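Chains as they are written, first to last, in the numbering used here: chain W, 1 to 650; chain F, 651 to 1300.
In structure tokens, the structure reads:
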């Protein structure tokens, strides 16, 4: 154990030593790996190819459910309404293009990571930043619930009889992803590359073969489609219906922001590499989305809880439930499960940043044995599992809650960027302003850049409103209520930490005068070896010791008094008769009385003799006086409760 | 506040005072009444008439289910087997007669209360006493579950559509009975007299009218009887079937022992009055049982979960669901609910006696604000409610568990009495032996009395065995497993209290030498006002103070060191670098190291600065170091953990 010693001017000695601690093997180390030292923190960076695999799974995987949920709304007006699907998909692609360009700018402006929270905090202020944090945290949870549920839906499409186990399978998958993430990022990165590319290849294979057969005229419609559940009377095609379908389709854009959070993970030049990865991701996402919607509507796929549209598409394109079909479904399942991983990276990081700023419990900033924010990971897994159970792993029921948070955070992030360009445009050319997340200096054509981010902000704001209105009754109201509630909680927590820091600050703090008198009160129910041990301890504190016996039973009081006369070493014993057989109240009122007559600088210690039985369960057989007293006296000044444990031997 | 002061030879002063405490009104006082002083304990005694009402409800109410459960078993062999019902009822009456005579003797031998536990303890030893206690406690719980469930079955007979709410109604009734009992016995006594007599009158009216109409030839069979659920193939009438029916019928005898527990409640001459009451109760019970079985089989009543036999009997006798019918059903319901009350008197008293002897947690001996053993009452209500929920308030499903405990305790009690007569027979004429529960002196014709109790013991033992065998698969095995398990738990608890008493005893205890050195270790995460307050306290303990900072973050350690140099008053600061970011382990290993190098009579106090936020919920935002440390160090000798609370002002 290396040890260093400092002496300093004030006379105080400072010793430094490194703790000699060797982690032992246990179930825990087997599950998540042996503990890592802080110095082991990985500084490794990733290439564009791995970056795409790590950050794109969330966005790309949404092609597995977004087309189906879009078509599901149109189905209410009959399959004839599927004609609106492709134009809607084009609109979504346009939105994707604007968003991609907007985020390109964010990536270059915030090379240290430009999540919506940071951008809002630096440019819009505290409340918008908290709104962004609340929206994002909620959506991270929903991403896990939706992706995992959709992944399970793919499994069910292939193996129907697993339908009744869907909730259990989904929760099991959440636990697996949680464990992977508790092990840490490095392993997770590698584990993700292969499945992501496998998915991309399988999807392109499906749409290329599908389009070839379609234009060759050999692609028919879905054989034996699942039953279409529609209301008895067909709904007319209204603007509301179309906007609702559009809202569902925009869930495809969730995850686009992931790269902007993870810029520091890329190899140098970080911003450039991250930017190129974003473009690649958007291109793949856009092309797949368009092709899937086009093909799915033409083969007359039926949105259903028992077989996914992807499953219907794959078996129609490949002619049967063959190896290719299984390849598509399994890769889709895997990427959906992996998509949940993006949240498992994002949620703990964001909650740690928010906690660091004092809006969430500080415990979330603590990095666990594997150098990850393990508490955030566990919280995410718990809340997502709860959602899965509540919504019975149904993507259709979860979707109305989803994406509002993402789009709200898009809006705030892009609005923040626009504000940033305005600030930049008004800087003198040679001035550099350092903000917490980025450095500002004048740039050419800031107006155009401001317009681009402003357009992104405007469009995503419109989508947020459309989403909130069209999905309100089906579940969006939950999110709309939760976000302000979370912001309220954040601000209460923040206020607590601030007032605490003020209340504990040593600035302009006059050290209190030393304690002039120390009194000891020792409650006792009987006189035994534990009492003697406590008294022996009490005597090192003070000579002013009063033993107090609260008497419920007169005979017991007589025994206590007799024993005290023998063992009490001359100290005072007060017997408080308690006609109502209460224990705590008479003792507290006695302590209050003593406390009231006390001088300033006088302190009272309540020394509670506590015997410690050798068996833990035996504690249930005794009243835990010290615990109760401590709680009751916690808010009283200059009263300290000490329990002196006496380890019973026998 | 009256205060007395004593000085005694040893120089210690003893003050006595009565606590000045005025109970406040609250929801609690509204529900169960204002607290009573110990001196208010009721010393009031009850007459034979009230005594019959208080103690007989358990026994008499069993006429509501015992005939039905007896017939339910015979029904498996077809209604033709109902012919066996009356002879079986006669057998049960014979058993009742023997039991009554046996208990008459117990009542006169134990004027202070002769429950099976006390009689077994004094005459058979500790293990039989514990078996009796376990059996009785279990059966008290089952009495509540069975009586309440049967009461709800009567309600359902009249109001069919309440069937799906039966569990909720049953649990609600348990809560009502619990609250009545938490108020205390006095009110309970009065409340019981009227319904018990109402029930007795209604039942006699039913059987007298029924018998008159039967012998007059105008009594037909049940109109629209409920469906009879029997197995596809009729079972043959075997000895096993008949014994099983007999076992079910003997549940009518549960509650016969109630008076023997409650002798002290009677007016003088207690034993005589209690004995007469027992005779009256047995006479009523026997005659009603016989008449109900006779009539029920002749009107071809059908045992059913949806309509009780009592309901079928009443509407057949009175010709319709008229006022008389409702009178019978409502009085039956009320007496069944009241029967649960016998357990609410018996269970808490027995558990308090057992706890007093050290076989159950001592907390059960504590009398609550209304001078009743409130903890026992609440435990009984909880366990009975659990049973009702598990068995869905079905009497037929609960019955196989019921009555084994009662008959086992009958056997032990009567065997104990027989043993007591044997002891009495071998005493010299002028010797008086005092046992814990009774006084022994020679009596004439002890052989006859011994024979009578012995016969009671033998017959109830046979019933216990018959019951266990015939009901084993249907649920009796649960009780047969639970009784030894409970006895095991009792003996573990007893051993704990005994070894604790030995380990704490001051007999032959050499007082330890005073503490020669006191060291203080003060863990701190940062230096703030709370730290200063803790240090101010620590200085009253010792001058040997070491502050310890477990460093997870290097920057934080530097800040702590700088602040300590300013505020640390020259005391030592040890910085423990924790490469694995653990907090507790480095601190513990440091404390261990210090503790290892310590001299005999040296004590270490860990002073933990703890700031107390003004909002209770804010505690969730901070790590509760003191709590964790206290648990971790509880078993270490001569280490005391003290948290010094600092109430934050801001």
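Ideal Cβ positions, reconstructed from N, Cα and C, are used throughout, including at glycine. Nothing here was measured: the structure is a model prediction, and the numbers come from that model.
Practice item. Take residue 630 of chain W and list the residues in its own chain whose beta-carbon comes closer than 7 angstroms to its own, dropping the five residues that flank it on each side. Key: Result list for residue 630 of chain W: 641, in chain order.
Point to revise | Per-residue burial, residue 1080 of chain F [other beta carbons within 10 Å of its own, 16 or more giving buried] | key: Residue 1080 of chain F is exposed by the Cβ-count criterion.
Practice item. Look at residue 1237 of chain F and residue 1295 of chain F and say whether their C-beta atoms are less than 7 angstroms apart. Key: Not in contact: residue 1237 of chain F and residue 1295 of chain F (Cβ atoms no closer than 7 angstroms).
Point to revise | Anticipated Cβ contact below 8 angstroms, residue 1101 of chain F with residue 828 of chain F, distance rounded | key: With a Cβ gap of about 42 angstroms, residue 1101 of chain F and residue 828 of chain F do not count as contacting.
Point to revise | Test: residue 128 of chain W CB closer than 7 angstroms to a CB of chain F | key: Not closer than 7 angstroms to any Cβ of chain F, the Cβ of residue 128 of chain W fails to qualify, so no.
Review point. In the region 559-587 of chain W, which residues sit with their C-beta less than 8 angstroms from some C-beta in chain F, listed in chain order?
Key: 561, 563, 564, 565, 566, 567, 568, 569, 570, 571, 572, 573, 574, 575, 576, 577, 578, 579, 580, 581, 582, 585 and 586
Point to revise | Proximity test, residue 618 of chain W beta-carbon vs the ligand MG heavy atom, cut-off 6 angstroms | key: Ligands in the displayed structure: none, and consequently the ligand MG is not present.
Check your understanding: Expressed to the nearest angstrom, what Euclidean distance is found between the alpha-carbon atoms of residue 1299 of chain F and residue 545 of chain W?
Key -> Approximately 30 angstroms between the Cα atoms of the pair.
**Study point:** Extent of the continuous beta strand (DSSP E) to which residue 1230 of chain F belongs
**Key:** Residue 1230 of chain F -> no beta strand (DSSP E), and no H or E assigned at all.
Practice item. Label residue 1218 of chain F either buried or exposed according to how many other C-beta atoms from any shown protein chain fall within 10 Å of its C-beta, with 16 as the threshold for buried. Key: buried
**Study point:** Residue from F:1018, F:1011 and F:850 with nearest C-alpha to residue 983 of chain F
**Key:** Residue 983 of chain F has its Cα closest to that of F:850, out of F:1018, F:1011 and F:850.
Check your understanding: For residue 321 of chain W, does the three-state DSSP call read helix, strand or coil?
Key -> coil
Point to revise | Simplified DSSP assignment, three categories, for residue 1083 of chain F | key: Note: residue 1083 of chain F maps to strand in three-state DSSP.
Point to revise | First through last residue of the beta strand (DSSP E) which encompasses residue 1296 of chain F | key: 1289-1297
Review point. Where does residue 352 of chain W sit, in a helix, a strand or coil, going by DSSP?
Key: It is helical.
**Study point:** Residue burial classification, residue 128 of chain W (beta-carbon count within 10 angstroms, cutoff 16)
**Key:** Note on residue 128 of chain W: 16 or more other CB atoms within 10 angstroms of its CB, so buried under the neighbour-count rule.
Exercise for review: Quick one: using the 10 Å Cβ neighbour count with 16 as the cut-off for buried, is residue 381 of chain W buried or exposed?
Suggested key: buried
Exercise for review: Helix, strand or coil for residue 1303 of chain F, going by three-state DSSP, please let me know.
Suggested key: The first residue shown for chain F is 651 and the last is 1300, placing residue 1303 of chain F beyond what the model contains.
**Study point:** In chain order, each beta strand (DSSP E) run of at least 3 residues that lies wholly inside the region 539-577 of chain W
**Key:** 544-551 and 572-577
Exercise for review: Measure the beta-carbon distance from residue 351 of chain W to residue 360 of chain W and round it to whole angstroms, keeping in mind my assumption that it falls under 8 angstroms.
Suggested key: 6 angstroms
Exercise for review: Anything in the region 353-365 of chain W with a Cβ closer than 8 angstroms to a Cβ of chain F? List those residues in chain order, please.
Suggested key: 361, 362 and 363
Check your understanding: What residues from chain W crowd round residue 1187 of chain F, counting only those whose CB sits closer than 8 angstroms?
Key -> 515, 603 and 640
Check your understanding: Is residue 786 of chain F helix, strand or coil when you go by DSSP?
Key -> Helix.
Point to revise | residue 602 of chain W (DSSP reduced to helix, strand or coil) | key: strand
Review point. By DSSP, does residue 14 of chain W sit in helix, in strand, or in coil?
Key: In the structure shown, residue 14 of chain W adopts extended strand secondary structure according to DSSP, grouped into three states.
Review point. Candidates F:999, F:985, F:1078 and F:1103: which alpha carbon is nearest residue 800 of chain F's?
Key: F:985
Practice item. Check whether the Cβ of residue 487 of chain W lies closer than 7 angstroms to any Cβ atom in chain F. Key: no
Review point. For the region 422-435 of chain W, which residues have a beta carbon sitting closer than 8 angstroms to at least one beta carbon of chain F?
Key: none
**Study point:** Cα-Cα separation, residue 1188 of chain F to residue 1257 of chain F
**Key:** 7 angstroms
Review point. Does DSSP put residue 1167 of chain F in a helix, in a strand, or in coil?
Key: strand
Practice item. Could you spell out the range, first to last residue, of the beta strand (DSSP E) harbouring residue 485 of chain W? Key: It is not in any beta strand (DSSP E) - residue 485 of chain W instead sits in the alpha helix (DSSP H) that spans 477-504.
Exercise for review: Rounded to whole angstroms, what's the CA-CA distance from residue 798 of chain F to residue 935 of chain F? Just pull it up for me.
Suggested key: 19 angstroms
Exercise for review: Kindly say whether residue 637 of chain W, judged by its beta-carbon, lies nearer than 7 angstroms to any beta-carbon of chain F.
Suggested key: yes
**Study point:** Residue nearest to residue 965 of chain F in terms of C-alpha spacing, selected from F:937, F:873, F:793 and F:1223
**Key:** F:873
Practice item. Please report the residue range of the beta strand (DSSP E) in which residue 1090 of chain F lies. Key: 1089-1091
Check your understanding: Quick one: Cα of residue 1235 of chain F to Cα of residue 362 of chain W, how far?
Key -> 20 angstroms
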